[in-house]
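Chains as they are written, first to last, in the numbering used here: chain A, 853 to 1182; chain Z, 632 to 955. Each residue gets a CB set at the ideal place from its N, CA and C atoms; glycine is no exception. Please read the structure below before turning to the comments.
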Amino acid sequence: MTQPLLEAEGLEKHFEVGGGGFFGLTPAVKLRAVDDVSLSIMPGETLGLVGESGCGKSTLGRLLLRLIEPSAGKIRFDGQDITTLGRGAMRAVRRGMQIVFQDPYGALNPRMTVEDIVAEPLVIHGKPSGEATRREVRAMLDRVGLPARAMERFPHEFSGGQRQRIGIARALILKPRLIVCDEAVSALDVSVQAQIVNLLQDLQREMGLTYLFIAHDLSVVRHISDRVAVMYLGRVVEVAAKQAIYGAPLHPYTKGLIAAVPASHPSLRSRGRRVRIAGDIPSAINPPSGCRFHTRCPHVMPVCRERAPALLETAPGHQVACHLTEIPPG
Amino acid sequence: MSLLEVQDLTTAFMTGRGEVNAVEDVSFSLNEGEILGIVGESGSGKSVTALSIMGLLPSPPARIAAGQVRFAGQTLTGLSERQMQPIRGPGIGMIFQEPMTSLNPVFSIGDQIMETIRAHERLPQAQLRARAVAMLDKVGIPAAARRLDDYPHQMSGGQRQRVMIAMALACRPRLLIADEPTTALDVTIQAQILDLLMDLRDEFGMAIIIITHNMGVIAETADRVLVMYAGRVIEEAPAARIFDHPRHPYTRGLLECVPSLTEDRARLVAIPGTLPEPARRPAGCRFAPRCAHAEPSCTQAVPALESLEPSHTAACFRARELSR
Chain A
853 MTQPLLEAEG
863 LEKHFEVGGG
873 GFFGLTPAVK
883 LRAVDDVSLS
893 IMPGETLGLV
903 GESGCGKSTL
913 GRLLLRLIEP
923 SAGKIRFDGQ
933 DITTLGRGAM
943 RAVRRGMQIV
953 FQDPYGALNP
963 RMTVEDIVAE
973 PLVIHGKPSG
983 EATRREVRAM
993 LDRVGLPARA
1003 MERFPHEFSG
1013 GQRQRIGIAR
1023 ALILKPRLIV
1033 CDEAVSALDV
1043 SVQAQIVNLL
1053 QDLQREMGLT
1063 YLFIAHDLSV
1073 VRHISDRVAV
1083 MYLGRVVEVA
1093 AKQAIYGAPL
1103 HPYTKGLIAA
1113 VPASHPSLRS
1123 RGRRVRIAGD
1133 IPSAINPPSG
1143 CRFHTRCPHV
1153 MPVCRERAPA
1163 LLETAPGHQV
1173 ACHLTEIPPG
Chain Z
632 MSLLEVQDLT
642 TAFMTGRGEV
652 NAVEDVSFSL
662 NEGEILGIVG
672 ESGSGKSVTA
682 LSIMGLLPSP
692 PARIAAGQVR
702 FAGQTLTGLS
712 ERQMQPIRGP
722 GIGMIFQEPM
732 TSLNPVFSIG
742 DQIMETIRAH
752 ERLPQAQLRA
762 RAVAMLDKVG
772 IPAAARRLDD
782 YPHQMSGGQR
792 QRVMIAMALA
802 CRPRLLIADE
812 PTTALDVTIQ
822 AQILDLLMDL
832 RDEFGMAIII
842 ITHNMGVIAE
852 TADRVLVMYA
862 GRVIEEAPAA
872 RIFDHPRHPY
882 TRGLLECVPS
892 LTEDRARLVA
902 IPGTLPEPAR
912 RPAGCRFAPR
922 CAHAEPSCTQ
932 AVPALESLEP
942 SHTAACFRAR
952 ELSR
């Protein structure tokens, strides 16, 4: 069996928030942005990561690349434990893993030309800037659908979709194996979003890329992913192949999330016909006891308030963290 | 008679490149209790249309260059700020995409709702308070009486949008304009807010204009749909017809380019090219450079909205020959 390209085991990230105050007397509190997350991504596949704002999906994406340091847990990339690698060794590993951000404008230096932006990773990894690098940049721009004359221009001269192409070119120039797409198409107009989604899929096929596709748009995630992980308040509550997640979801949160997606036709209006998840997402600073979803769950039982359900396999490749699907003891 | 009539509305902005029409020749009408969806992408002019109706665009740089807006028989275009005041609120209420920037952070939400009511009605303090609590209750804020003294930062994004709706509803408007009301919200909260808007329409019979870039939001709410592209209305029809028989190639593209939640598609049908900037719009049909069906003649003149069926219009030279 092939081994996963990326694996996380018991990954956690805690942030200290607050604290200080008058004479530094207010104690800081711990925010568990990512709490005991284990998952794996196979080479060449796309794992979609969905959840609402504050669920920790972006933090998890950055943790997996070690752009931020985990508080606990292990990360393995291509079989190698990278959790505690030093700077130099990590730099070498990072050639193989890149990220594309949501806001291409915020992620591109406005004072650099497109050529310098796309060439920068090469230069950082020791390639001398010269004709060979120029050629490589030109080929990459062509590959993402930008003309060669884009090289001398600056980010502000481009539309949102074109800027995202620049961001993708920069991420791909080192020929990485894994790309984390963090809401990479969320800020784009829908007519342009489809172009970028198609581009990402073409590039995956041609270059054998593996994607972690983080997004809140459930339709786009369904389209691009092979498997999907659903997060809620720092935890993964369900992982399965996309057909199972969308066709036969098991976790009440996954069900509610899918039921909340607006209809595709006026005759399919959801008002009064689909179960709504009530209320708001609770704060991650003081999350609910037991199952974190219990305050909004339509099927809440006494046990849900007391004990957090473990992420267990209910069918091959389908994992759920819910007391409803846990096999009763005895 | 229609509640709202917009006729040949053209709103221009003074820019570094001279005067540019953000919105051009927009006409539509709206009946009491009807929900009109206006859908479009960036630069389509959908928000400027709403702000023009409300008289909320700063002049300069903006000015209504042509056309008129009539609300309940009264012409709004040309009214002074003072004359507009009594119409905003009891006549037309408006909610925006980002409730945090529309709420004042230094006043409690109760104060803000009561101020809105006070601007239009003279009521004793106790009754003002009771009305504010009733409004918060109506929009689904739990323990409304206790939340009245909360500040905007103490509420979640969804709750803030509910407060904005409560403020707009406090004056019982006959028309509510909702500009991307759920765009900044999570999908579970979006569903709650859309349900709320529909409930309020059913209960109060107010008309709603819902402005969005999301065809799903249109499908969930609209009775009739206006599709805008690059400042112009390019198609108008009852909601079901827009989804079943779109006649403009752009509308068709807009429906096809979003992935489905139930069907597998190997590849998305993207619309090539990018949205034109207002100052650099192409001549003739503005969609022509991105249109798979464009002919040389499409760039010669701007196509007018043409009636294709009763209550279905589209602005495309080839609409008749292209439809099956």
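- Residue state for leucine 919 of chain A is assigned as coil, using DSSP reduced to three classes.
- Residue contact check for proline 890 of chain Z against chain A: a CB pair falls below 7 Å.
- Of the residues A:Phe1006, A:Glu864, A:Ile1025, A:Leu998, the one whose Cα lies closest to the Cα of leucine 883 of chain A is A:Glu864.
- Inclusion of valine 970 of chain A and valine 989 of chain A in the CB contact set at 7 Å is warranted, their separation being smaller than that value.
- Contacts between isoleucine 1020 of chain A and chain Z, judged by CB atoms closer than 7 Å, are missing: the closest CB pair is about 15 Å apart.
- For asparagine 1050 of chain A, the enclosing alpha helix (DSSP H) begins and ends at 1042-1059.
- Taking C-beta atoms as the reference points, valine 794 of chain Z and isoleucine 842 of chain Z fail to come closer than 7 Å.
- Any Cβ of chain A closer than 7 Å to the Cβ of arginine 648 of chain Z would place that residue at the interface, and such an atom is absent.
- Going by beta carbons, glutamate 866 of chain Z and threonine 882 of chain Z fall inside the 7 Å limit.
- Ranked by Cα distance from aspartate 887 of chain A, the options A:Gly862, A:Pro895, A:Leu877 are led by A:Gly862.
- Here DSSP, grouped into helix, strand and coil, assigns leucine 1109 of chain A to helix.
- Remark: C-beta atoms of isoleucine 723 of chain Z and proline 812 of chain Z do not approach each other more closely than 7 Å.
- Collapsing the DSSP output to three states places isoleucine 865 of chain Z in a strand.
- In the DSSP annotation of this structure, the continuous segment of the beta strand (DSSP E) that includes glutamine 699 of chain Z starts and ends at 693-702.
- Within the DSSP bridge table, the entry for asparagine 652 of chain Z names Z:Ala643 as partners.
- Tyrosine 1063 of chain A is bridged by DSSP to A:Thr898, A:Ile1031.
- In this structure, DSSP gives leucine 828 of chain Z a helical state, which the three-state scheme calls helix.
- Less than 7 Å divides the Cβ of leucine 635 of chain Z from the Cβ of phenylalanine 702 of chain Z.
- Residues of the stretch 839-850 of chain Z whose Cβ lies closer than 9 Å to any Cβ of chain A, in chain order: His844, Asn845, Met846, Gly847, Val848, Ile849, Ala850.
- Relative to the Cα of threonine 1166 of chain A, the nearest Cα in the group A:Ile951, A:Pro1134, A:Val1089 belongs to A:Val1089.
- Among the residues of chain Z, those whose CB is under 9 Å from the CB of tyrosine 1098 of chain A are Leu892, Thr893, following chain order.
- The beta carbon of phenylalanine 918 of chain Z is closer than 6 Å to those of Tyr860, Tyr881 in its chain, skipping five residues each way along the sequence.
- Inside the stretch 765-824 of chain Z, DSSP marks whole alpha helix (DSSP H) runs of 4 or more residues at positions 775-778, 788-800, from first to last along the chain.
- Chain-order list of chain Z residues neighbouring leucine 1109 of chain A: Val818, Thr819, by C-beta distance under 7 Å.
- The criterion of a C-beta distance shorter than 7 Å is satisfied by serine 1043 of chain A and isoleucine 902 of chain Z.
- DSSP places histidine 943 of chain Z in the strand class (E or B) of the three-state scheme.
- Contact annotation for leucine 1070 of chain A against chain Z: Val818, Leu892 [CB-CB distance below 8 Å, chain order].
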